[in-house]
């Protein structure tokens with residue numbers, strides 16, 4: 394496996410893997426400036442993109458697709474696709490996966506994947522991609538096993554997103570469920586209690602009370618925990634500067650980020666990153 398940073402990125406990497414055991418061909422996470430272009434290309438396997446920040450327009454075959462934050466874009470084998478022009482700064486995960494080894498390990502995942510592009514809300518795909526990135530960028534014990542499990546988890550998450558049939562097993566107020574999803578998937582947004590309340594049509598004080606009753610803490614604290622969880626992963630696996638990382642996570646400044654990070658972890662972002670580089 395080789396890790397490289399393609400010319401022109403703001404930050405991020407491309408992992409050239411070609412692992413016949415896991416089925417992973419290549420993968421990465423990239424922060425892309427406005428002038429960056431992805432030329433027409435195709436692969437003999439499925440290629441999966443997850444838009445994290447920014448808005449992009451892609452062309453696959455003769456169709457155009459607008460990707461908003463949280464959108465999954467899965468391109469079937471052999472279909473030519475490309476980024477349609479300059480789209481502004483954006484950030485995405487991607488992975489090219491041969492499904493055959495995955496299905497041999499996990500026969501239950503044998504399913505009829507669509508013949509055309511899958512473009513929809515991503516669900517839990519971001520969590521699976523984050524674990525895949527950890528396996529690619531960190532030297533763990535049992536890396537081969539970890540990589541195969543991470544690929545399986547990603548394929549499972551994508552399959553669920555393409556056939557969303559999840560039914561909650563625990564009672565939760567619909568407004569709380571919506572706010573929880575927003576804070577988990579769009580933690581980079583500058584959420585206020587008023588803005589969240591407007592999204593679900595409740596008074597701010599009532600929403601705060603409902604949220605705390607269900608999850609044991611107010612929305613703002615829950616949001617910061619999600620941001621710090623993501624910060625740990627980025628400090629371990631990305632080359633973003635602390636300032637760029639803070640802004641990516643939705644903090645107003647690197648100083649604000651550092652204060653919240655120390656409150657939750659007992660150390661600074663710089664020290665945390667240094668501990669992983671030793």
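Residue numbers (the working numbering): 394 to 671. Ideal placement from N, C-alpha and C gives every residue a C-beta, glycine not left out. From a predicted model like this one, the values you see are computed outputs, not experimental measurements.
- Task: With residue 512 as the anchor, note down where its beta strand (DSSP E) starts and where it stops.
- Result: Run containing residue 512: 511-514, per the beta strand (DSSP E) assignment.
- Task: Mind checking which residues open and close the alpha helix (DSSP H) that includes residue 554?
- Result: 536-555 is the span of the alpha helix (DSSP H), which, as asked, contains residue 554.
- Range of the contiguous alpha helix (DSSP H) that encloses residue 644: Counting along the chain, residue 644 falls outside any alpha helix (DSSP H), and DSSP gives it neither H nor E.
- Query: Considering only residues of the stretch 556-624, which uninterrupted alpha helix (DSSP H) runs meet the minimum length of 4 residues and lie entirely inside it, listed in chain order?
  - Reply: Runs found: 567-578, 586-593 and 597-608.
- Hey, residue 468 and residue 453 are a contact pair by Cβ (cut 8 Å); roughly how many whole angstroms apart? Going by Cβ atoms, the distance from residue 468 to residue 453 rounds to 6 Å, so yes, they are a contact pair.
- Of all the options 521, 667, 441 and 629, which has the alpha carbon lying nearest to the alpha carbon of residue 578? With distances taken between Cα atoms, residue 578 lies closest to 521.
- Return helix, strand or coil for residue 415, following the three-state DSSP convention. DSSP, read as helix, strand or coil, puts residue 415 in coil.
- Item | Nearest to residue 426 (by Cα), restricted to the options 528, 403, 621 and 661 | For residue 426, the nearest C-alpha among the options comes from 403.
- Item | Cβ-based burial, residue 491 [other Cβ within 10 Å; buried from 16] | Buried.
- Message: Within 10 Å of its beta-carbon, does residue 401 have 16 or more other beta-carbons around it, so buried, or fewer, so exposed?
- Response: Per the 10 Å Cβ criterion, exposed.
- Task: Taking only runs that begin and end inside the stretch 411-484, name each unbroken beta strand (DSSP E) of 3 or more residues, in chain order.
- Result: Listed in chain order, the complete beta strand (DSSP E) runs (minimum 3 residues) inside the stretch 411-484 are 417-425, 439-446, 449-453, 456-460, 464-468 and 474-476.
- Quick one: give me the first and last residue of the alpha helix (DSSP H) that residue 492 is part of. 492-498 is the span of the alpha helix (DSSP H), which, as asked, contains residue 492.
- Message: Looking only at its chain, what residues have a beta carbon closer than 8 Å to the beta carbon of residue 571, apart from the 5 residues adjacent to it on each side?
- Response: For residue 571, where only same-chain residues beyond five positions count, the Cβ hits under 8 Å are 592 and 593.
- Query: From 478, 634 and 423, pick the residue whose C-alpha is nearest to that of residue 449; which is it?
  - Reply: Restricting attention to 478, 634 and 423, the CA atom closest to the CA of residue 449 is found in 478.
- Beta-carbon contacts of residue 436 that lie in its chain and below 6 Å, excluding the five residues immediately before and after: If we look at residue 436 and ignore the five residues flanking it on each side, its Cβ neighbours are 489.
- Quick one: is residue 434 buried, meaning 16 or more other Cβ sit within 10 Å of its Cβ, or exposed? Residue 434 sits exposed, since fewer than 16 C-beta atoms from the chains shown fall within 10 Å of its C-beta.
- Message: Given this structure, state the Cα-to-Cα distance separating residue 624 from residue 464, to the nearest angstrom.
- Response: The straight-line gap from Cα to Cα measures roughly 21 Å.
- Locate the alpha helix (DSSP H) running through residue 519, then write down its first and last residues. Residues 518-530.
- Task: Count the other CB atoms, across all protein chains shown, that sit within 10 Å of the CB of residue 669; report buried if there are 16 or more and exposed otherwise.
- Result: Sixteen is the threshold: since fewer than 16 other Cβ atoms of the shown chains lie within 10 Å of the Cβ of residue 669, the residue is exposed.
- Determine the DSSP secondary structure at residue 407, reduced to helix, strand or coil. Note: residue 407 maps to strand in three-state DSSP.
- Return the residue from the list 608, 485 and 438 that minimises the CA-CA distance to residue 471. Distance from the Cα of residue 471 is smallest, within the candidate group 608, 485 and 438, for 438.
- Message: Measuring straight from C-alpha to C-alpha, what distance separates residue 460 and residue 636?
- Response: Near 26 Å, if we compare the C-alpha coordinates of residue 636 and residue 460.
- State the DSSP-derived secondary structure class of residue 533, mapped to helix, strand or coil. Note: residue 533 maps to coil in three-state DSSP.
- Where does residue 636 fall in DSSP's three states? In the three-state reduction of the DSSP assignment, residue 636 falls in the helix class, which pools H, G and I.
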